[in-house]
Amino acid sequence: MAEKIKEIEKETSSISRDEFLSKLIKIGAGTLAATIVSNGMLGTASKLIAKSKNETPVKRKYHYGMVIDTRRCVGCRACVLACKAENKTPPGVSYTVVFEEILENRPNDKPVFMTKPCFHCEYPPCTDVCPVSATYKREQDGIVVVDYDRCIGCRYCMTACPYSARWFDFGENYPAIEQGTDWSNVPSPEYKQFRKREHEQSPIGNVRKCTFCLHLQDEEGKYNKAEGRWPACAKTCTGKAIHFGDFNDPNSEVSILLRERQYIRLKEELGTSPNVYYLI
Amino acid sequence: MNFIKELLSDKNKVSQNLKKIFWIIGSLLFLVGFYGWAVRLIDGHIKANYGSIVTWGLWVAAYIYFIGLSAGSFLVSSLVYVFNYKKFERIGKLAVFTALITLLMALLSIWADLGHMGRAWHVMIYPNFKSPMAWMIYLYLIYMLLLVFEIYYLLRYDFVIGANNETLKGKLYKILSFGSKDKSEESRLRDKKIVKVLATAGVPIAILFHGGVGALFGVVAARPHWHSGLFPILFLLSALVSGGALLTLISSIFQEGWTKNREIVIDLGKMVLGLLLLDILFQISEFLIVYRGGIPGHIAGWDLVIKGPYAWVFWGWQGFVGTLIPLFLLTLKRKSPQWVALAGLLIAAGIFGLRLNIVIPGLAVEEIHGLTSAIYSHRVDPHYFPSLSEWLLTFGIVGFGMLLFGLGEYFLPKEDESKTELLSESKV
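Same order as they appear, the protein sequences are chains A and B. Counting from 1, position 5 in the first sequence corresponds to residue 5 in the numbering used here; the numbering is continuous, with no gaps. Converting from the second sequence to the numbering used here requires adding 1000 to each position, the first position being numbered 1.
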């Protein structure tokens, strides 16, 4: 530990002027004094904190995320239905929703539509609060998942998610299942588990959420748009507003869009660093 | 009116009647609880009214309420066993016993709230030390063990002495003494020392777990209504207020009621008044900072509390019944134990409103504007009112706690009893 601190102190003392300034701006005025006395304990500590939260290098195979073009979204809600059909979610559980914001004085009165799946945050607040580690961020691709066999249904993760991206499965069935139609025999393929909506089989009493349709990944964890192995919402989007892909790949659709267009992310002040971007 | 006057004039009759009322209410609540439990066990959460927006409902509010009562009454008992405050000695055992019963009630409430009741043990085998909820569960376990041991050592001597009798109580005492037959004075002193050690260890644990429940809410940055550094402190304060208030009520009903516990009831009343004023100060401080700060997300929760559809919980239940009337009673009628006891009842009931006003408004604010109108489902609704089965299950837990407490009060040795028995023993 002492060595580590020395190392960091060394780093901070040999800092260039530009770096110093940019760090100041990054850390914010609150820790200004601490940074100025950067050889002292305070400086070291604040650097450590900053490091742990913002400077962890992302070392993983894939970095999946979405880029959603608010200019292209027409609010048809095809993504909501495609998601339901793909994941067989019960009433009251919708992995993606479309909400609309009516802006005043906007030409032709078109509201802004936004589709909202789970954002699979870089620093998801939901996983930290789970008392049994039933929900976690997958190391290989950053997708945040729920272990249905471990979750105790306390719903603490739902309170911690700032985007209401989590849903509790009350066990309310589709009418199709109650009436025993053919539809009721179709299992849900989530996590490649193929669970029927029957007791002990389906995740009743658990918290559920969008998985970026990870059951469509191949063994290596890759999706394939041409083969149709692509998140249902992105595949179906009529206005081609939902773009999905790997941010690690500089030539992917999503990476290119982020380079070329203006974007926002929701509630960035909470430090969650969501992996879903909205083009504006 | 005459009937009531008559009732109040004969003081022995009053305390007997109060006990009768206690047993009747307890049994009734316990019985109606069966409906709630049946619905919960058969239908799961379908008949509950919370959803994916208001994810926690009445059961969670009940849980933080009961756990507050437990922490509060334990901390009051520590006045006797840690800080040697002789005045409350008579109700020391009662306070520890109350702490145990309310802890059981809290754990029952939160257990019913779990989506998978059968998986509660997962916390033991898949721990996540980053989760405040996990910390709480470990602390409750330690605390429960500590309470059981403390009660055992508090009563061991009485059990050993009482085990001589051939009555039902005597047999029960024989079982509860766990084979201990040591009647010597040294053993009594040793018990006292052990109790002191346990009670002392319990103080930081009680502060940790209830401050921790405050932190459980406080750390959730996604809910500005909860995300305040004051929260752990507020939880502790209102725990002390509610625990003290409950003990005021209990000590005026049990152990011959306020006739014998007169001084204790009045003293407890004074203590509760002080704590209540401090609690109000903290609440007002939180309120003022939020409104003066003026951040819409922070204000939204408080707006719901003071002018939302359930504003009556704040103004009527928590404010008028639970705060204002007791304040008057505790200042103007502070010398008459029956009024102080009534104030205790009202405060204890009022704090339940406070707990509801923590859980529900924190969740009922849309996290993303327009979200609740994006999907048509009663599970996506910011308006929450507990369903019948939710209410009845909660009542059932209250009734269960009351019956357990009543049975314990009846069967467990009382302070006076052991002393008289001690006298008769020494005469022999």
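For each residue, glycine too, the CB sits at the ideal point set by N, CA and C.
Residue i versus residue j - alpha carbon distance
{"i": "Gly103 of chain A", "j": "Phe113 of chain A", "result": "Going by the sequence as given, residue 103 of chain A is Leu instead of Gly. Whole-angstrom Cα-Cα distance: 11 Å."}
{"i": "Phe1129 of chain B", "j": "Trp1135 of chain B", "result": "7 Å"}
{"i": "Gly65 of chain A", "j": "Gly142 of chain A", "result": "9 Å"}
{"i": "Ser281 of chain A", "j": "Arg106 of chain A", "result": "In the structure as shown, chain A starts at 1 and stops at 280, and residue 281 of chain A therefore has no counterpart that could be examined."}
{"i": "Phe170 of chain A", "j": "Gly153 of chain A", "result": "10 Å"}
{"i": "Ser1285 of chain B", "j": "Lys1307 of chain B", "result": "19 Å"}
{"i": "Ser94 of chain A", "j": "Tyr1291 of chain B", "result": "35 Å"}
{"i": "Gly92 of chain A", "j": "Glu1366 of chain B", "result": "16 Å"}
{"i": "Val74 of chain A", "j": "Phe99 of chain A", "result": "11 Å"}
{"i": "Ser1187 of chain B", "j": "Asp1267 of chain B", "result": "32 Å"}
{"i": "Leu1103 of chain B", "j": "Val97 of chain A", "result": "40 Å"}
{"i": "Leu1216 of chain B", "j": "Pro175 of chain A", "result": "38 Å"}
{"i": "Gly1118 of chain B", "j": "Ile1397 of chain B", "result": "19 Å"}
{"i": "Gly1072 of chain B", "j": "Leu1176 of chain B", "result": "26 Å"}
{"i": "Ala226 of chain A", "j": "Gln217 of chain A", "result": "13 Å"}
Residue i at chain B interface by Cβ criterion, 8 Å
{"i": "Pro91 of chain A", "result": "yes"}
{"i": "Phe168 of chain A", "result": "yes"}
{"i": "Glu172 of chain A", "result": "yes"}
{"i": "Arg195 of chain A", "result": "no"}
{"i": "Lys116 of chain A", "result": "yes"}
{"i": "Ile242 of chain A", "result": "no"}
{"i": "Tyr95 of chain A", "result": "no"}
{"i": "Pro274 of chain A", "result": "no"}
{"i": "Gly239 of chain A", "result": "no"}
{"i": "Ile264 of chain A", "result": "no"}
{"i": "Asp109 of chain A", "result": "no"}
Residue i: contacting residues in chain D (beta-carbon distance under 8 Å)
{"i": "Trp1056 of chain B", "result": "Looking at the structure shown, chain D is missing, and the protein chains on hand are A and B."}
CB contact below 8 Å: residue i versus chain A
{"i": "Asn1128 of chain B", "result": "yes"}
{"i": "Glu1367 of chain B", "result": "yes"}
{"i": "Arg1119 of chain B", "result": "yes"}
{"i": "Ile1358 of chain B", "result": "no"}
{"i": "Ile1046 of chain B", "result": "yes"}
{"i": "Ser1426 of chain B", "result": "Legend: pLDDT at Ser1426 of chain B = 40, less than 50; position of this residue unreliable, value from coordinates given subsequently. No, Ser1426 of chain B does not count as interfacial toward chain A."}
{"i": "Leu1363 of chain B", "result": "yes"}
{"i": "Glu1421 of chain B", "result": "At Glu1421 of chain B, the pLDDT of 43 sits below 50, so the modelled position is not reliable; the number obtained from the coordinates is stated separately. No - not a single Cβ of chain A is within 8 Å of the one on Glu1421 of chain B."}
{"i": "His1298 of chain B", "result": "no"}
{"i": "Ile1053 of chain B", "result": "yes"}
{"i": "Ala1222 of chain B", "result": "yes"}
Contact set for residue i: own chain, Cβ-Cβ below 7 Å, skip 5 residues either direction
{"i": "Gly1051 of chain B", "result": "His1378, Arg1379, Val1380 and Asp1381"}
{"i": "Glu86 of chain A", "result": "Cys213 and Ala232"}
{"i": "Ile1250 of chain B", "result": "Leu1094 and Thr1098"}
{"i": "Leu1277 of chain B", "result": "none"}
{"i": "Lys240 of chain A", "result": "Arg72"}
{"i": "Gln201 of chain A", "result": "Arg195"}
{"i": "Lys1174 of chain B", "result": "Ala1163"}
{"i": "Trp1037 of chain B", "result": "Leu1393 and Gly1396"}
Within chain A, the residues that residue i reaches when beta carbons sit closer than 7 Å
{"i": "Ile1137 of chain B", "result": "Pro131"}
{"i": "Leu1172 of chain B", "result": "Within 7 Å Cβ-Cβ: nothing; Leu1172 of chain B doesn't reach chain A, min ~36 Å."}
Close Cβ partners of residue i (< 8 Å) along its chain, the five nearest in sequence each way excluded
{"i": "Lys222 of chain A", "result": "Tyr62"}
{"i": "Asn275 of chain A", "result": "His63, Tyr64, Gly65, Met66, Phe119, His120, Cys121, Glu122, Gly142 and Phe247"}
Spatially closest choice to residue i from the options, by CA coordinates
{"i": "Ala1349 of chain B", "options": "B:Tyr1035, B:Asp1113, B:Gly1319 and B:Leu1236", "result": "B:Gly1319"}
{"i": "Pro90 of chain A", "options": "A:Arg229, A:Pro131 and A:Pro203", "result": "A:Pro203"}
{"i": "Ser1242 of chain B", "options": "B:Leu1107, B:Tyr1065 and B:Gln1016", "result": "B:Tyr1065"}
{"i": "Met1133 of chain B", "options": "A:Tyr156, A:Val74 and A:Phe194", "result": "A:Tyr156"}
{"i": "Tyr1081 of chain B", "options": "B:Gly1218, B:Leu1198, B:Asn1357 and B:Ile1351", "result": "B:Leu1198"}
{"i": "Leu1100 of chain B", "options": "B:Ile1053, B:Val1148 and B:Ile1137", "result": "B:Val1148"}
{"i": "Trp1059 of chain B", "options": "B:Pro1296, B:Asp1113, B:Leu1028 and B:Phe1159", "result": "B:Asp1113"}
{"i": "Ala82 of chain A", "options": "A:Leu258, A:Leu257, A:Glu260 and A:Lys235", "result": "A:Lys235"}
{"i": "Gly180 of chain A", "options": "A:Trp230, A:Phe168 and A:Arg197", "result": "A:Arg197"}
{"i": "Val207 of chain A", "options": "A:Arg259, A:Gly271 and A:Tyr136", "result": "A:Tyr136"}
{"i": "Val1054 of chain B", "options": "B:Ile1397, B:Thr1372, B:Trp1391 and B:Gly1401", "result": "B:Thr1372"}
{"i": "Met1124 of chain B", "options": "A:Asp128, A:Ser133 and A:Tyr123", "result": "A:Ser133"}
{"i": "Lys116 of chain A", "options": "A:His199, A:Cys79, A:Lys110 and A:Lys88", "result": "A:Cys79"}
Sequence-distant residues of its chain with Cβ nearer than 6 Å to residue i (five each side left out)
{"i": "Gly245 of chain A", "result": "Ser252, Glu253 and Val254"}
{"i": "Tyr1063 of chain B", "result": "Ala1106, Ser1109 and Ile1110"}
{"i": "Ile1194 of chain B", "result": "Tyr1153"}
{"i": "Leu1404 of chain B", "result": "Ile1101"}
Residue i: contacting residues in chain B (beta-carbon distance under 9 Å)
{"i": "Glu100 of chain A", "result": "Gly1370, Ser1373 and Ala1374"}
beta-carbon residue i near the ligand NAD non-hydrogen atom, thresh 7 Å
{"i": "Gly245 of chain A", "result": "Absence of the ligand NAD from the depicted structure is noted, as is the absence of any ligand whatsoever, leaving it without description."}
Chain B residues whose Cβ lies nearer than 8 Å to that of residue i
{"i": "Pro125 of chain A", "result": "Val1220, Ala1221 and Ala1222"}
{"i": "Asn206 of chain A", "result": "Gly1115 and His1116"}
{"i": "Leu270 of chain A", "result": "Ala1221 and Ala1222"}
Under 7 Å by beta carbon: chain B residues contacting residue i
{"i": "Ile152 of chain A", "result": "Leu1114, Gly1115, His1116, Arg1119, Ala1120 and His1122"}
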